[in-house]
């Protein structure tokens, strides 16, 4: 069966979109609530994101082991139920301590739910269309990145916390329905029959996925510079009002190129999307560092969208395909853990670079250099893999 848009795949994509959207809504709206309603400062507002990241990074490796060890349907039921309870908690525990505690738990549940959704989505896809399918799945994250901040700012700005937190509860309820209304096949939801006793590093990290996860992490490190600092960069150029347009163009280009990129990946192989993706992403980053007008901002968004839209799903696909199907959960967790760490490092390290040398240097030199390093790593790994396959073939002969 070669069908891509099954009910199961759409269900997991919808779940991923809603959970990611909740996070981007919180990123945009929670700092405003903390500063306006709780009289906190920028430090207190930033700590809400810090606690979320701690929960996510700490739980991501555990999530992979958990997903591969238990019934995935039961796990998704529990995770989305807890997600709803956490959103409900925001309506009652409106102190800094309460918010930080809930954000920590939110990060834990976010790691479990998104890893489970991605693993199950990959498992229900036909093998010959896996690259295309994972590309569409990754698109749900990109769309959430655009819709979430806009929605969060509109609700908190127009109706305040009185409507914002109840809205998050309704969003969580909808997520629960979308994620659990359809029963997955037993081959997807049931854990592998043979389970090793004891604990080892392989329970949390899939070594066969580390290479592609690490290179994908470098891509997200560079992208983290855009995601984290574009509000400040745009403000320095007098283009802060156009920031939402940047993300709209960025996401639109990814959506429009997704069918083409996915089919090329599955029919011609990853090299035909990854190398052009690196080229476009690097050129877009160089151009982005030189902009001074709204037109330049939007053109750079389009070029970056082409490059990032080719690279992000490609490395996610390769990371998952590197491992056996029964290890999909750990492979997916390994990939996302790399992204979590690299985006977090980008926020800190690139902030130091921007403060010392400016945004032009940060984007045109440092971020572009990281993209080039990722391309070299992929090229070297490819050559190593080809040489290893040839050596094994000669050994078998």
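In our numbering, the protein residues as written are 10 to 406.
Virtual Cβ for every residue (Gly too), placed ideally from N, Cα, C.
Values in this document were obtained by computation on a predicted structure and should not be read as measured data.
- request: Name the two residues that bound the continuous alpha helix (DSSP H) containing residue 91.
  value: If you number the chain shown from 1, residue 91 lands on position 82. Its alpha helix (DSSP H) spans residues 81-98.
message: Please classify residue 143 as buried or exposed, where buried requires at least 16 neighbouring CB atoms within 10 angstroms.
response: In the chain shown, counting from the first residue as 1, residue 143 sits at position 134. Buried.
field: Nearest candidate by alpha-carbon position, reference residue 60, set 33, 90, 45, 108
entry: The residue given as residue 60 occupies position 51 in the chain shown. Comparing Cα positions, the closest option is 108.
query: On the premise that residue 178 lies in contact with residue 415, defined as a C-beta separation below 8 Å, what is that separation, rounded to the nearest angstrom?
result: Given a span of 10 to 406 for the chain in the structure shown, any question on residue 415 remains unanswerable.
task: Could you tell me which uninterrupted alpha helix (DSSP H) segments, each at least 4 residues in length, are contained entirely in the region 278-316, listed from first to last along the chain?
output: 280-297
- prompt: Looking at residue 297 and residue 225, is the spacing between their C-beta atoms short of 8 Å?
  reply: Residue numbering aside, residue 225 sits at position 216 when the chain shown is read from its first letter. Residue numbering aside, residue 297 sits at position 288 when the chain shown is read from its first letter. No, the pair does not count as a contact, with Cβ atoms beyond the cut-off.
message: Helix, strand or coil for residue 381? Go by DSSP, reduced to three states.
response: Start at 1 with the first residue of the chain shown, and residue 381 comes out as number 372. Here residue 381 sits in helix by DSSP.
- prompt: If you pair each beta-carbon of the region 116-125 with each one of the region 71-81, do three or more pairs fall below 8 Å?
  reply: yes
message: Am I right that residue 200 and residue 352 are in contact with their C-beta atoms under 8 Å? What's the rounded C-beta distance?
response: Indexing the chain shown from 1 puts residue 200 at position 191. Indexing the chain shown from 1 puts residue 352 at position 343. About 30 Å separates the two Cβ atoms, so there is no contact after all.
Candidates 21, 379, 263, of which the one nearest residue 152 by Cα: Within the chain shown, the letter at position 143 stands for residue 152. Of the candidates 21, 379, 263, the one whose C-alpha sits nearest the C-alpha of residue 152 is 263.
- request: Return the residue from the list 307, 32, 261 that minimises the CA-CA distance to residue 116.
  value: Here residue 116 is taken as the residue at index 107 of the chain shown, counted from 1. Of 307, 32, 261, the residue nearest in Cα terms is 32.
message: Assuming residue 372 is part of the alpha helix (DSSP H), what are its boundary residues?
response: Along the chain shown, read from residue 1 onward, the residue named residue 372 stands at position 363. Taken as a continuous stretch (DSSP letters only), residue 372 belongs to no alpha helix (DSSP H), as it is neither H nor E.
- request: Less than 8 Å between the CB atoms is what I'm expecting for residue 161 and residue 38, so what's the real figure, rounded?
  value: Here residue 161 corresponds to residue number 152 of the chain shown, with the count starting at 1. Here residue 38 corresponds to residue number 29 of the chain shown, with the count starting at 1. Their Cβ separation, rounded to whole angstroms, is 4 Å, which keeps residue 161 and residue 38 in contact under 8 Å.
message: Using the three-state DSSP reduction, which class does residue 24 fall into: helix, strand or coil?
response: One-based indexing of the chain shown puts residue 24 at position 15. Here residue 24 sits in helix by DSSP.
- prompt: Leaving out five residues before and five after residue 84 in sequence, what residues of the same chain have Cβ atoms less than 8 Å from its Cβ?
  reply: By one-based count along the chain shown, residue 84 stands at place 75. Excluding positions up to five away in sequence, the list reads 75, 76, 121, 125.
query: Buried or exposed: where does residue 46 fall if 16 or more other Cβ atoms within 10 Å of its Cβ makes it buried?
result: Locating residue 46 in the chain shown gives position 37, counting from the first residue. Exposed, by the Cβ-count rule.
query: Assuming residue 313 contacts residue 362 under a Cβ cut-off of 8 Å, what Cβ separation, rounded to an integer in Å, is found between them?
result: Walking along the chain shown from the start, residue 313 turns up at place 304. Walking along the chain shown from the start, residue 362 turns up at place 353. 19 Å between Cβ atoms; not a contact.
- prompt: Got a sec, what are the start and stop residues for the alpha helix (DSSP H) residue 138 sits in?
  reply: Sequence index remark: in the chain shown, residue 138 carries index 129 (1-based). It is not in any alpha helix (DSSP H) - residue 138 carries neither H nor E in the DSSP assignment.
message: Once DSSP output is grouped into helix, strand and coil, what is the label at residue 30?
response: Position 21 of the chain shown, counting from 1, holds the residue named residue 30. Three-state result, residue 30: helix.
Member of 174, 388, 48 whose CA lies at the smallest distance from the CA of residue 101: Here residue 101 refers to the residue found at position 92 of the chain shown. Comparing Cα positions, the closest option is 174.
field: Limits of the unbroken alpha helix (DSSP H) element including residue 13
entry: Counted from its first residue, the chain shown places residue 13 at position 4. Run containing residue 13: none; DSSP gives neither H nor E here.
- request: Could you name the residues of the same chain whose beta carbon sits closer than 8 Å to that of residue 182, not counting the 5 residues immediately before and after it, in chain order?
  value: Start at 1 with the first residue of the chain shown, and residue 182 comes out as number 173. Result list for residue 182: 93, in chain order.
- prompt: Assuming residue 372 contacts residue 294 under a Cβ cut-off of 8 Å, what Cβ separation, rounded to an integer in Å, is found between them?
  reply: The sequence position of residue 372 within the chain shown is 363, counting from 1. The sequence position of residue 294 within the chain shown is 285, counting from 1. Indeed, because the Cβ distance is near 6 Å, the residues count as touching under 8 Å.
task: Assign residue 347 to buried or exposed, taking buried as 16 or more other Cβ atoms, counted over all protein chains shown, within 10 Å of its Cβ.
output: Position 338 of the chain shown holds residue 347. Around the C-beta of residue 347, 16 or more other C-beta atoms lie within 10 Å, and the residue is accordingly described as buried.
- prompt: What is the residue span of the alpha helix (DSSP H) that residue 171 lies within?
  reply: Numbered from its first residue, the chain shown carries residue 171 at position 162. 170-189 is the extent of the alpha helix (DSSP H) around residue 171.
field: Proximal residues to residue 156 (C-beta, below 7 Å), its chain only, five neighbours per side dropped
entry: Along the chain shown, one-based indexing puts residue 156 at 147. So the qualifying residues of the chain are 30.
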